[in-house]
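Here's the structure we're looking at; comments come further down.
There are 2 protein chains.
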Amino acid sequence: MSRLDRSLLRPFPLFRGLADADMEVILESAATRRVAKGATLFEQAAEADEFFFLLDGRLKVMKFTSDGDQVLIRFVVAGEVCGMAAAIGRNTYPATAKAAADCVVLAWPSTMWLRLVEKVPALGAGAMRALGQRLEEAHTRITELSTEEVQRRLANAITRLAGQAGRKVDKGILIDFAVTRQDLAEMTGTTLHTVSRIMSCWESKGLLEGDRQHLLLREPHKLLMIGEGSSADG
Amino acid sequence: MSRLDRSLLRPFPLFRGLADADMEVILESAATRRVAKGATLFEQAAEADEFFFLLDGRLKVMKFTSDGDQVLIRFVVAGEVCGMAAAIGRNTYPATAKAAADCVVLAWPSTMWLRLVEKVPALGAGAMRALGQRLEEAHTRITELSTEEVQRRLANAITRLAGQAGRKVDKGILIDFAVTRQDLAEMTGTTLHTVSRIMSCWESKGLLEGDRQHLLLREPHKLLMIGEGSSADG
Numbered sequence: 001m002s003r004l005d006r007s008l009l010r011p012f013p014l015f016r017g018l019a020d021a022d023m024e025v026i027l028e029s030a031a032t033r034r035v036a037k038g039a040t041l042f043e044q045a046a047e048a049d050e051f052f053f054l055l056d057g058r059l060k061v062m063k064f065t066s067d068g069d070q071v072l073i074r075f076v077v078a079g080e081v082c083g084m085a086a087a088i089g090r091n092t093y094p095a096t097a098k099a100a101a102d103c104v105v106l107a108w109p110s111t112m113w114l115r116l117v118e119k120v121p122a123l124g125a126g127a128m129r130a131l132g133q134r135l136e137e138a139h140t141r142i143t144e145l146s147t148e149e150v151q152r153r154l155a156n157a158i159t160r161l162a163g164q165a166g167r168k169v170d171k172g173i174l175i176d177f178a179v180t181r182q183d184l185a186e187m188t189g190t191t192l193h194t195v196s197r198i199m200s201c202w203e204s205k206g207l208l209e210g211d212r213q214h215l216l217l218r219e220p221h222k223l224l225m226i227g228e229g230s231s232a233d234g
Numbered sequence: 001m002s003r004l005d006r007s008l009l010r011p012f013p014l015f016r017g018l019a020d021a022d023m024e025v026i027l028e029s030a031a032t033r034r035v036a037k038g039a040t041l042f043e044q045a046a047e048a049d050e051f052f053f054l055l056d057g058r059l060k061v062m063k064f065t066s067d068g069d070q071v072l073i074r075f076v077v078a079g080e081v082c083g084m085a086a087a088i089g090r091n092t093y094p095a096t097a098k099a100a101a102d103c104v105v106l107a108w109p110s111t112m113w114l115r116l117v118e119k120v121p122a123l124g125a126g127a128m129r130a131l132g133q134r135l136e137e138a139h140t141r142i143t144e145l146s147t148e149e150v151q152r153r154l155a156n157a158i159t160r161l162a163g164q165a166g167r168k169v170d171k172g173i174l175i176d177f178a179v180t181r182q183d184l185a186e187m188t189g190t191t192l193h194t195v196s197r198i199m200s201c202w203e204s205k206g207l208l209e210g211d212r213q214h215l216l217l218r219e220p221h222k223l224l225m226i227g228e229g230s231s232a233d234g
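Going line by line, the protein sequences match chains A and B.
The first sequence runs contiguously to residue 234 in the UniProt record's numbering.
The second sequence runs contiguously to residue 234 in the UniProt record's numbering.
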């Protein structure tokens with residue numbers, strides 16, 4: 001990568017501790033790419049030629065089943081890596097990533113992964129922490145799907161999303177990209193109908209408000225309590 | 001570690017490609033420990049002082065919810081690492097590991113992780129592959145919990161367990177450790193009652209047989225088909 005101002009990358013935890021020389025090594029093999037909202041960055045089962053760092057925008061990572069069902073695995077926000085098939089010894093992408101907003105990514109050839117980690121061990125350690133966090137998120141979802149009522153799962157999914165991608169505003173916590181009810185249904189293993197019913201109820205009680213562009217948690221604490229099962233409210 | 005015959009470790013993928021000198025580095029800071037069946041190796045939320053490699057036996061990794069519910073995350077079989085909190089930047093164990101059979105583990109102080117990976121990068125790469133595999137297993141379970149009927153989930157859980165820990169015998173594929181119906185219920189997000197009903201049905205049809213010590217898949221192919229949803233049988 002030639003022209004990107006390195007100072008743009010410094011705020012991201014993955015790059016924060018790196019020496020300038022290491023940063024140089026990492027960036028010289030990267031390409032900057034724009035991905036328009038709605039476009040696909042990589043596709044499940046396709047050959048994993050590249051891995052990515054999201055500089056700006058949002059990605060939606062989905063898994064498709066052989067029956068054609070679709071599950072939303074996660075949103076990727078700026079500062080996160082994705083498509084790390086090479087790092088985990090895979091040749092193909094395990095999921096599909098689509099731009100949920102206009103995105104800018106850094107892309108590296110997968111063949112570079114081992115060389116980069118050898119030269120910059122901190123990169124490997126950072127990627128490992130990211131994988132570990134996702135594994136834990138995944139185990140939390142499994143636990144929720146196995147033991148919790150849908151209303152708690154939905155409250156927890158929204159609370160996590162706010163923690164990952166929300167920002168504090170006057171009226172509460174704002175997630176300022178489109179999170180559809182279908183997305184929420186796929187994230188919580190339930191139907192669109194059920195999500196709509198619960199969300200409408202929460203909206204009428206003033207807990208949150210959402211449209212096609214954003215989701216505003218007006219009473220994040222109440223959602224947290226519903227998620228913990230310590231409130232029958234909902 | 002002083003006395004362990006290195007040749008015992010060579011067959012495991014994690015150690016297979018390592019130079020003798022690297023092997024030496026890894027093993028000199030390891031302690032060998034026996035864990036009796038039923039004993040706890042590490043506990044969720046406890047300080048993660050050590051990480052482990054399972055030489056022999058089976059571990060059961062479970063997650064407890066704040067409500068006291070319990071979910072079986074996975075069985076760990078010989079040749080796998082676990083308790084890798086240090087590798088993913090955590091101070092505490094995210095889950096509990098109990099011996100499902102008498103076990104022998106290698107244990108390292110968590111403080112050694114970064115030093116070991118620096119000296120032996122292949123160890124980091126191996127651990128990353130292991131994490132990646134688990135992440136994928138977890139996403140598959142999320143997908144199944146979100147989209148599949150319980151009968152398919154149960155067939156898939158048993159098929160995966162056979163792939164991970166089974167061996168071919170005359171009558172089919174044998175998983176030769178105790179997998180209780182409660183374990184299977186926790187692995188598939190359903191009740192003991194439902195698992196018992198389906199397993200009894202499958203047993204009566206000759207698909208499998210189980211007792212407190214083992215599980216024998218007599219018709220692994222049929223279970224595979226049930227898991228894929230391509231058979232109404234069950």
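Backbone N, C-alpha and C define an ideal beta-carbon position, used for all residues, glycine too.
Mind checking residue i: buried by the 16 CB within 10 Å criterion, or exposed?
{"i": "Glu50/B", "result": "buried"}
{"i": "Asp183/A", "result": "buried"}
{"i": "Val76/A", "result": "buried"}
{"i": "Ser2/B", "result": "The predicted model places Ser2/B with a pLDDT of 48, which falls under 50 and marks its position as unreliable, so this point remains unresolved."}
{"i": "Ser110/A", "result": "buried"}
{"i": "Glu149/A", "result": "exposed"}
{"i": "Gly68/B", "result": "exposed"}
{"i": "Arg58/B", "result": "buried"}
{"i": "Arg74/B", "result": "buried"}
Can you list, in chain order, the residues of its chain with a C-beta nearer than 6 angstroms to that of residue i? Leave out the 5 residues immediately preceding and following it.
{"i": "Asp22/B", "result": "Val120"}
{"i": "Phe12/A", "result": "Gly79"}
{"i": "Ser230/A", "result": "none"}
{"i": "Lys168/B", "result": "none"}
{"i": "Lys98/B", "result": "Thr40 and Lys60"}
{"i": "Phe15/B", "result": "Leu9"}
{"i": "Thr159/A", "result": "Leu223, Leu224 and Gly227"}
Note down the Cα distance separating residue i from residue j, rounded to an integer number of angstroms.
{"i": "Val117/B", "j": "Gln164/B", "result": "26 angstroms"}
{"i": "Asn91/B", "j": "Arg10/B", "result": "30 angstroms"}
{"i": "Ser66/A", "j": "Ser7/B", "result": "42 angstroms"}
{"i": "Cys82/A", "j": "Leu18/B", "result": "29 angstroms"}
{"i": "Leu174/A", "j": "Leu208/B", "result": "52 angstroms"}
{"i": "Ile226/B", "j": "Ala155/B", "result": "6 angstroms"}
{"i": "Arg115/A", "j": "Met84/A", "result": "14 angstroms"}
{"i": "Ala122/A", "j": "Gly124/B", "result": "11 angstroms"}
{"i": "Leu215/A", "j": "Met199/A", "result": "11 angstroms"}
{"i": "Thr32/B", "j": "Ala46/B", "result": "21 angstroms"}
{"i": "Ala127/A", "j": "Leu135/B", "result": "13 angstroms"}
{"i": "Glu203/B", "j": "Asp170/B", "result": "18 angstroms"}
{"i": "Ala162/A", "j": "Asp56/A", "result": "17 angstroms"}
{"i": "Glu228/A", "j": "Ile88/B", "result": "26 angstroms"}
{"i": "Gly166/A", "j": "Glu28/A", "result": "32 angstroms"}
{"i": "Ile210/B", "j": "Asp176/B", "result": "Inspection of the sequence shows that residue 210/B is occupied by Gly rather than by Ile. Taking the straight line from one Cα to the other gives about 10 angstroms."}
{"i": "Gln133/B", "j": "His139/B", "result": "10 angstroms"}
{"i": "His193/B", "j": "Glu137/A", "result": "28 angstroms"}
{"i": "Cys201/A", "j": "Asp20/A", "result": "52 angstroms"}
Between the beta-carbon of residue i and the beta-carbon of residue j, is there less than 7 angstroms?
{"i": "Thr96/B", "j": "Gln44/B", "result": "yes"}
{"i": "Ala30/B", "j": "Trp108/B", "result": "yes"}
{"i": "Arg153/A", "j": "Ile142/B", "result": "no"}
{"i": "Gly206/B", "j": "Leu145/A", "result": "no"}
{"i": "Val105/A", "j": "Phe42/A", "result": "no"}
{"i": "Met62/B", "j": "Leu54/B", "result": "no"}
{"i": "Val195/A", "j": "Arg212/A", "result": "no"}
{"i": "Leu224/B", "j": "Gly172/B", "result": "no"}
{"i": "Trp113/B", "j": "Ala157/B", "result": "no"}
{"i": "Ala101/A", "j": "Lys37/A", "result": "yes"}
{"i": "Tyr93/B", "j": "Ala48/B", "result": "yes"}
{"i": "Cys103/A", "j": "Val25/A", "result": "no"}
Among residues of its own chain, excluding the 5 on either side of residue i, which ones have a beta-carbon nearer than 7 angstroms to its beta-carbon?
{"i": "Met187/B", "result": "Leu72 and Ala157"}
{"i": "Gln70/B", "result": "Met62, Phe64 and Glu186"}
Who are the near neighbours of residue i in its chain, counting only those whose CB is closer than 8 angstroms to its CB and skipping five residues on each side?
{"i": "Thr191/A", "result": "Ala185"}
{"i": "Pro220/B", "result": "Thr159, Ala162, Gly172 and Ile173"}
Please identify, using Cβ separations under 8 angstroms, the residues of the stretch 62 to 84 of chain A that lie next to chain B, in order along the chain. Lys63, Thr65, Ser66, Asp67, Asp69, Val71, Ile73 and Met84
Residues of the stretch 93 to 121 of chain A with Cβ closer than 8 angstroms to any Cβ of chain B, in chain order: Pro94, Ala95, Leu114, Val117, Glu118 and Pro121
Short-range partners of chain A found in the stretch 139 to 158 of chain B, where Cβ spacing is below 7 angstroms: His139, Arg141, Ile142, Thr143, Leu145, Ser146 and Thr147
Please identify, using Cβ separations under 8 angstroms, the residues of the stretch 124 to 136 of chain B that lie next to chain A, in order along the chain. Gly124, Ala125, Ala127, Met128, Arg129, Leu131, Gly132, Gln133, Arg134, Leu135 and Glu136
Please name the residues in the stretch 2 to 25 of chain B whose beta-carbon is closer than 9 angstroms to at least one beta-carbon of chain A, in chain order. none
The stretch 206 to 230 of chain A: which residues have C-beta closer than 8 angstroms to a C-beta of chain B, in chain order? Glu228 and Gly229
At a Cβ cut of 8 angstroms, what residues of the stretch 157 to 176 of chain A count as close to chain B, listed as they run along the chain? none
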